[in-house]
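Q:
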Amino acid sequence: MSGVAFRADVGIDPDAGVPLFRGYASDYFQVGAARIDSSLIIHQLQLERPWRLERFERMTTDHLEWLTAEPPELLLLGSGRTTRFPPQAVCDWLRQRRIPFESMDSRAAARTWNILMGEGRRASCALLLPGA
C-alpha cells in the first residue's frame, strides 16, 4: 500500500516544535520529517515511540500510566485500521482521573491531532499503526 501524504495547514510555524502528522500508510506515520514505523505516543508535545501495545483490545491501564503525572485536556486513541473502543476498565480508569478521550481509527486520529494543535489545544495521543 502506498502512503498518503496530506497538507496540514493549521497555521503552525513548522519551526515551533509542534509534532504534526504529514502522512501515513498502513505501516508507518510521517511526523514532521521523521518516518515512524511503530505505534506512538505524543505527550507534552514530545514524540515517544513505540507505544507498547500490540492489540487495542488488550489495552490495560498500564499502557496509559504516562498520563497520570500531567493529564492532557484531551486524549486521542488511535485504534488502528478501524474504530474500536478501549476495554471498560480502561474507560473507567480514564473517567476516574477526569481525562476526556476520543477513540477513532488511527488515520482519523492523526488528522484530528493536527486540527487540535492548530487550535492550540493541550492534547495527547496514543496511536497504533494505521494497518493494525
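First residue of the sequence shown? That's 3 in the working numbering, and the numbers climb one at a time after it. We treat Cβ as the ideally placed atom computed from N, Cα and C, and that holds for glycine. Remember, it's a predicted structure, so these values are computed and weren't measured experimentally.
Which stretch, first to last residue, makes up the beta strand (DSSP E) that contains Leu129?
A: Counting from one through the sequence shown, the residue named residue 129 turns up at place 127. Run containing Leu129: Ala125 to Leu129, per the beta strand (DSSP E) assignment.
Q: Within 8 Å, do at least three Cβ pairs link the stretch 47-59 to the stretch 90-100?
A: Contact between the stretch 90-100 and the stretch 47-59 is absent, because fewer than three Cβ pairs lie under 8 Å.
Q: Measuring alpha carbon to alpha carbon, tell me which residue in Gly34, Met106 and Arg24 is nearest Leu130.
A: Reading the sequence shown from its first residue, position 128 is the one you call residue 130. Here the closest residue by C-alpha is Met106.
Q: Tell me which residue opens and which closes the alpha helix (DSSP H) that Ile117 is part of.
A: Along the sequence shown, read from residue 1 onward, the residue named residue 117 stands at position 115. Element bounds for Ile117: Ser108 to Gly120.
Q: Taking buried to mean at least 16 other C-beta atoms within 10 Å of its own C-beta, is Pro102 buried or exposed?
A: One-based indexing of the sequence shown puts residue 102 at position 100. Result: exposed.
Q: What does a CB cutoff of less than 6 Å around Ser108 pick up in its chain, not counting 5 residues either side in sequence?
A: Taking the first residue of the sequence shown as position 1, residue 108 is located at position 106. The answer, listed in chain order, is Gly80, Gly82, Leu129, Leu130 and Pro132.
Q: Compare the Cα-Cα distances from Pro89 to each of Glu75, His65 and Ala71 and report the closest residue.
A: Residue 89 sits at position 87 when you count from the first residue of the sequence shown. Here the closest residue by C-alpha is His65.
Q: Counting C-beta neighbours from all protein chains within 10 Å, is the total for Met3 16 or more, i.e. buried, or is it exposed?
A: Taking the sequence shown and counting its residues from 1, the one referred to as residue 3 is at position 1. Bear in mind that the predicted position of Met3 carries a pLDDT of just 47, short of 50, making it unreliable; the figure below should be weighed with that in mind. Looking at its Cβ environment, which holds fewer than 16 other Cβ atoms inside 10 Å, Met3 is exposed.
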